[in-house]
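Participant: Before we start, here is the structure in question, set down as structure tokens.
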Amino acid sequence: MKRITRLMIPMAVCGLLVAVTAARADEKKADPTGSWSWSITGRDGTPRKVTANLKVEDGKLSGTVSGRGGDKAIDDPKLNGDDLSFSVTREFNGNKFVQKFSGKISGDAIKGKIEFDRNGEPQSVDWNATRDTAKPAEPATKPAEPAPKPAQP
């Protein structure tokens, strides 16, 4: 009986540690909410800034990605811990094409891949987005108060 008790206590402690660690991991899920920017190089070699506005509400990811034709809503959004993926369907000259984004969030950065077809050939490029941080509001300055008048004798 003592032998069983000696085995059960360490096993119970290990089980408790695993449960606490899993609970903390759930608490620290990455939050992609915000505006994200990255640069892509066009066919002519000109860099262009692209922006994604992402939001998580009730555990569901949504958002838009900018482009030459304006902002497009994301499709098939998935958020699992710090991994996220979604796709964007665009149209150019009557042809539809899909960009599939996947990446890992780490603080204010997302690193991953964008996959797409070009002329029937699968392509991929690195995706390195950074969260746009709002410029902090400058404190309101009060007008200087006049110096007190010296006391009169």
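Under this note's numbering, the residue at position 14 of the sequence shown is numbered 15, and the numbers go up by one with no gaps.
For each residue, glycine too, the CB sits at the ideal point set by N, CA and C.
1) Tell me which residue opens and which closes the beta strand (DSSP E) that residue 64 is part of.
2) Would you identify the three-state DSSP class for residue 111, choosing helix, strand or coil?
3) Measuring only the C-alpha atoms, how far is residue 68 from residue 83?
4) Would residue 100 and residue 111 qualify as a contact pair, given that the criterion is a beta-carbon distance under 7 Å?
5) Who are the Cβ neighbours of residue 51 in its own chain at under 8 Å, not counting the five residues just before and after it?
6) How close, in whole Å, do the beta carbons of residue 88 and residue 76 come, if the pair is a contact with beta carbons under 8 Å?
7) Which two residues bound the contiguous beta strand (DSSP E) that contains residue 131?
8) Exposed or buried, which one is residue 48 when buried takes at least 16 other CB atoms within 10 Å?
9) Buried or exposed for residue 64, going by 16 or more other Cβ atoms inside 10 Å?
Facilitator: Inspection of the coordinates gives the following:
1) Taking the sequence shown and counting its residues from 1, one reaches residue 64 at position 63. Its beta strand (DSSP E) spans residues 61-66.
2) Locating residue 111 in the sequence shown gives position 110, counting from the first residue. Here DSSP, grouped into helix, strand and coil, assigns residue 111 to strand.
3) By 1-based counting over the sequence shown, the position of residue 68 is 67. By 1-based counting over the sequence shown, the position of residue 83 is 82. Going by the C-alpha atoms only, they are around 25 Å apart.
4) Your numbering for residue 100 matches position 99 in the sequence shown. Your numbering for residue 111 matches position 110 in the sequence shown. Contact annotation: residue 100 and residue 111 have beta-carbon atoms that are not nearer than 7 Å.
5) Locating residue 51 in the sequence shown gives position 50, where the first residue counts as 1. Cβ neighbours of residue 51 beyond the five flanking positions: 38, 39, 40, 41, 66, 67, 68.
6) Start at 1 with the first residue of the sequence shown, and residue 88 comes out as number 87. Start at 1 with the first residue of the sequence shown, and residue 76 comes out as number 75. The beta-carbon separation of residue 88 and residue 76, rounded to 5 Å, stays under the 8 Å limit for a contact.
7) Your numbering for residue 131 matches position 130 in the sequence shown. Taken as a continuous stretch (DSSP letters only), the beta strand (DSSP E) holding residue 131 covers 122-132.
8) In the sequence shown, the residue the question calls residue 48 occupies position 47. Residue 48 should be labelled exposed.
9) Here residue 64 refers to the residue found at position 63 when the sequence shown is read from its first residue. By the 10 Å Cβ count, residue 64 comes out buried.
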